[in-house]
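Written below as C-alpha cells is the structure these notes are about.
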Amino acid sequence: MEVRSLNIAIYEEEKREREKLKRLIMSEGGRSVEAFDRTDKFLEHIRLNPVTVVFISLKDAEERGYFLIKEIRRKYHNMNVVVWSDDLKYGYELMQLRISGYITGGLTRENVADELGNLRYQCMA
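With my numbering as the guide, the letters of the sequence shown map in order to residues 305 to 429.
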C-alpha cells in the first residue's frame with residue numbers, strides 16, 4: 305500500500321506531538337493528513353471525508369483517546385487505527401478491538417513508516 309493513496313487523520317491534544325506526527329507522515333508521502341486536538345472535530349472530519357487511517361494518542365489525562373478508539377471501531381469496522389502511547393496501557397483491550405498498530409517509545413520516522421507499511425485493513429486508492 306502506497307502512503308500517497310492514504311487519507312489520514314490524527315487525534316492528539318498536545319500541539320507539539322500533533323505537529324511532529326503530521327510532519328513524519330508527510331515525509332513518508334502522505335497525501336492528505338489532518339490533525340485535531342478535539343474529539344468532536346476529529347469525528348466530524350472522519351464522518352465527512354474518506355479517511356483510511358487514524359492515529360490516536362493515549363497520552364491524555366481524561367482517557368479521551370481510548371474511548372475515541374472504541375467509538376471508531378464500533379462505527380467504522382474497516383478503518384485502520386494506529387495508537388501511540390508511552391506504555392502499553394489498554395494493550396490487551398485494543399488488540400481485542402483489532403487496531404492496526406501500536407507505537408510506544410516515542411514517534412520516529414521509522415516506527416511511523418513501519419505502521420503505515422503494515423496496515424491491517426485493505427485501503428482503496
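C-beta: ideal position from N, C-alpha, C; glycine also.
DSSP on residue i, reduced to helix/strand/coil?
i: E367; result: coil
i: E316; result: coil
i: M305; result: Only weak support exists for where M305 lies, its pLDDT of 47 falling under 50; the coordinates are left without a value.
i: N415; result: helix
i: E375; result: helix
i: T343; result: helix
i: E348; result: helix
i: E332; result: coil
i: A429; result: Low confidence applies here, because A429 scores a pLDDT of 44, under 50, leaving its location unreliable; read the following figure in that light. Note: A429 maps to coil in three-state DSSP.
From what residue to what residue does the beta strand (DSSP E) around residue i run?
i: N384; result: 384-389
i: Y406; result: 405-408
i: V357; result: 357-361
Could you give the first and the last residue of the continuous alpha helix (DSSP H) run that contains residue i?
i: E397; result: 395-400
For residue i, which of the options has the nearest alpha-carbon?
i: N311; options: R402, A417, I350; result: I350
i: Y370; options: P354, E397, E332; result: E397
i: R342; options: E366, E332, P354, M399; result: E366
- Item | Sufficient close CB pairs (3 or more, under 8 Å) joining the stretch 312-325 to the stretch 342-361 | Yes, they touch.
The stretch 368-385 in contact with the stretch 323-334 per 3-pair CB rule at 8 Å: Contact between the stretch 368-385 and the stretch 323-334 is not established, with fewer than three Cβ pairs separated by less than 8 Å.
Inset, instruction - Determine, using beta-carbon pairs with one atom in the stretch 399-416 and one in the stretch 381-390, whether at least three such pairs fall under 8 Å. - result: Yes, they touch.
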